[in-house]
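Contents: one structure, followed by commentary.
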Amino acid sequence: MAAPKRKRDDDASRREDRLPHIQAITSVCKQIREEVGQDAKRRRTPTTVDKPITEHPSLSIRTSVQFMELLQLQRAAYSHTIARKQATQEAKHSMDRVHLDLQNINYEIRHLEKEIAECEELETEYQKIKLIPEPEYYAIAMEKGVNVEDPHELMLSRLNHELDERTRLVQEEKELAKELEEVLEENQKELIDLEKLDKELSDSLKATLPLQTRLGITNSERREAAELAKLLPTALYVLYKHAVGYSETFENNLTVEISGDTELAAVLIGEPAESDRSLQPESAHQRSPSEEEMEGEQEPSGEQKESVGHLDRSKTYYRRHPLSVCLTVTETDTAGAPQIVKLSFSYLTTLKIVVVSSEFVQPVDYIPAGLICTNLFPGDVGNESPNPANAFLGSDSSPFRFDTTAANGNAYTWAQSICGIEFPSHLGNYRLYLTKLPSLLRNRVRSLKGLAKQVADVAAAKKGTVSGWKLIEMDAYGCVYEVTIQSADLLSKAEFTLPPATNEADIGLTIKQEGKPE
């Protein structure tokens with residue numbers, strides 16, 4: 001209890017120090033009470049006649065003086081109170097100003113914090129710039145004397161570094177562009193000189209054509225043929241290159257020619273259209289854009305579409321490339337041997353297959369030219385499309401059937417192989433090379449000439465005409481054909497088996513039945 005009491009005494013002493021007139025009023029009031037107490041005691045004293053109660057002038061004077069002092073102290077207390085109130089009011093005003101300043105500072109703090117948050121969330125251009133990573137930039141920053149501990153200074157340094165690097169790269173790009181422009185100008189000048197030189201060489205070659213003819217040099221013809229071969233589709237280009245190489249090696253066995261509308265092929269090359277990829281693998285020769293132009297079809301309208309969404313492209317099934325490759329085989333491999341067979345290879349751009357039409361250079365009586373390439377290999381008669389994707393061209397109500405007449409040729413499996421097109425076939429992994437084709441054709445022509453002699457003998461004996469070549473059966477041993485020999489009073493039907501060209505057996509003609517014509 002000593003500590004609180006001591007604290008109260010200290011507070012009282014401080015109040016007395018601050019209010020000295022309070023202690024003076026207390027002292028004056030105490031004196032007035034003493035004077036009044038003495039006066040009251042004197043009045044209570046018994047009085048006598050001789051000594052009546054009288055007033056003491058000194059008491060009245062002292063009391064008046066004390067009251068005057070009390071009034072003076074009252075005025076001092078009032079003045080002190082007013083002064084204290086004024087000081088308190090001034091202190092309150094000062095505190096209000098400080099509080100207002102504090103509120104302003106807090107408002108500024110909140111405003112700055114909001115601005116900082118918005119700045120941190122703001123997406124600026126430098127955030128989209130790909131800068132050098134900080135770990136990689138530390139070494140450069142240390143060389144430049146950048147304070148890496150300060151993120152702001154480090155970021156500014158990275159931005160300045162990026163600006164310098166981009167400025168340098170832009171300058172290098174301008175210098176390289178200028179250098180490239182100079183190189184292009186030089187190349188253009190050289191190209192003009194080369195064109196002039198090419199024209200001069202062409203003129204020189206034209207001037208030497210008579211000399212080339214006299215000396216048997218065919219360089220100009222080969223060059224023209226090579227330029228023409230660029231218009232071929234891929235499959236025929238492969239065939240042409242192989243055939244040219246073979247004919248140059250064995251010049252007495254085979255001759256190669258390109259026939260067709262070269263102007264249309266050139267137009268198709270100049271206006272390529274987007275097309276679906278060929279089913280066969282691409283060769284080293286770039287696929288001819290003419291194939292793509294031939295394959296591109298316009299989308300039919302909704303009325304022309306079938307109910308199942310199948311597009312009717314039957315009119316384009318047998319569209320042919322305007323160029324074809326013709327191979328002519330000689331009778332023997334000796335110089336000056338006569339030509340016996342001519343094969344024409346054409347490419348169907350929609351079906352993506354190669355068809356072959358054959359003919360005798362010198363016609364063979366009674367024998368149709370279609371038998372030349374039929375069944376060169378067992379079962380390969382070319383009456384069906386070797387491309388399995390063609391089976392999906394038709395619809396359920398009208399399935400696709402390959403038509404050799406519309407195609408103007410047969411789609412032999414060996415023809416696809418020799419043109420570099422690979423389709424699954426009954427021949428398995430067997431592949432025909434061009435070196436074997438002339439000998440197979442010679443065997444076939446030799447057999448057909450023997451058959452023609454037998455047919456001629458039978459026709460002469462029967463005194464009739466030969467007609468109605470018909471394929472009636474096909475097996476591993478060959479194709480069985482039926483021949484009709486009709487005279488005025490007798491109708492005979494003969495059969496013969498056409499063996500594969502790999503089999504050099506002779507063809508035997510037998511009379512199957514005879515009777516009177518209906």
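Residue 52 in full-length UniProt numbering sits at position 52 of the sequence shown, with consecutive numbering throughout. Here a beta-carbon is modelled for each residue, glycine too, at the ideal position from N, C-alpha and C.
Please report the straight-line C-alpha distance between residue i and residue j, rounded to a whole angstrom.
i, j, result
"E125", "A389", "56 Å"
"residue 588", "E69", "Residue 588 is absent from the model: the chain starts at 1 and stops at 518."
"E143", "E162", "16 Å"
"G145", "L159", "15 Å"
"P344", "L184", "The sequence shown places Ser at residue 344, rather than the Pro named in the question. So the two alpha carbons sit approximately 46 Å from each other."
"P233", "N253", "25 Å"
"P500", "S259", "30 Å"
"P378", "F423", "17 Å"
"R166", "D101", "49 Å"
"F360", "E224", "28 Å"
"L509", "N375", "17 Å"
"H80", "Y107", "40 Å"
"L231", "I269", "7 Å"
"P133", "A141", "12 Å"
"K305", "S398", "Any reading at K305 must be qualified, since the residue scores a pLDDT of 43, below 50, and its modelled position is unreliable; the value itself is stated next. Looking at the two C-alpha atoms, the distance is approximately 14 Å."
"Y318", "Y240", "22 Å"
"R97", "H111", "21 Å"
When burial is assigned at 16 or more other CB atoms within 10 Å of the CB, is residue i buried or exposed?
i, result
"Q298", "Summary for Q298: the model assigns pLDDT 40, below 50, so the residue's position carries little reliability; its value from the coordinates is reported in the next sentence. Exposed: under 16 other Cβ atoms inside 10 Å."
"residue 602", "It is not possible to answer for residue 602, since the shown part of the chain is limited to 1 through 518."
"P386", "buried"
"V256", "buried"
"A337", "exposed"
"Y347", "buried"
"C479", "buried"
"V466", "buried"
"V329", "buried"
"L191", "exposed"
"V381", "buried"
By the three-class DSSP mapping on this structure, what secondary structure does residue i have?
i, result
"residue 523", "A question about residue 523 goes unanswered here, because the residues of the chain that appear run from 1 up to 518."
"R158", "helix"
"T404", "helix"
"G37", "helix"
"L348", "strand"
"R320", "strand"
"S487", "coil"
"E251", "coil"
"I140", "helix"
"V466", "strand"
"A337", "coil"
"F67", "helix"
"N104", "helix"
"F496", "strand"
"I32", "helix"
"E422", "coil"
"E384", "coil"
"F392", "helix"
"N410", "strand"
"S397", "coil"
So is the beta-carbon of residue i under 7 Å away from any non-hydrogen atom of the ligand MN?
i, result
"R42", "Inclusion of the ligand MN in the displayed structure is not the case, the ligand content being empty and no account of it being possible."
Just tell me which of the options has its CA closest to the CA of residue i.
i, options, result
"A488", "I372, A461 and L432", "A461"
"N443", "C373, K128 and H111", "C373"
"L228", "A407, F400 and S324", "S324"
"L434", "S425, G420, P424 and V445", "G420"
"residue 523", "G37, L437, K342 and A459", "It is not possible to answer for residue 523, since the shown part of the chain is limited to 1 through 518."
"A266", "G409, P322 and A207", "P322"
"T316", "L451, S357 and D403", "D403"
"Y138", "L122, S157, F423 and S467", "S157"
"P438", "K463, T334, I472 and L393", "T334"
"E495", "Q486, S417, N503 and I511", "I511"
"T350", "V329, L393 and Q339", "L393"
"Q127", "M155, R75, D150 and E118", "M155"
"A406", "N383, S395, L73 and D193", "N383"
According to the Cβ coordinates, are residue i and residue j closer than 8 Å?
i, j, result
"A243", "L176", "no"
"V341", "V445", "yes"
"W469", "P363", "no"
"F400", "A391", "yes"
"D365", "A452", "yes"
"N408", "S357", "yes"
"I507", "G450", "yes"
"L490", "Y481", "no"
"E35", "T63", "yes"
"A83", "I25", "no"
"Q31", "Q66", "yes"
"W414", "L432", "yes"
"L371", "L498", "yes"
"A235", "V354", "yes"
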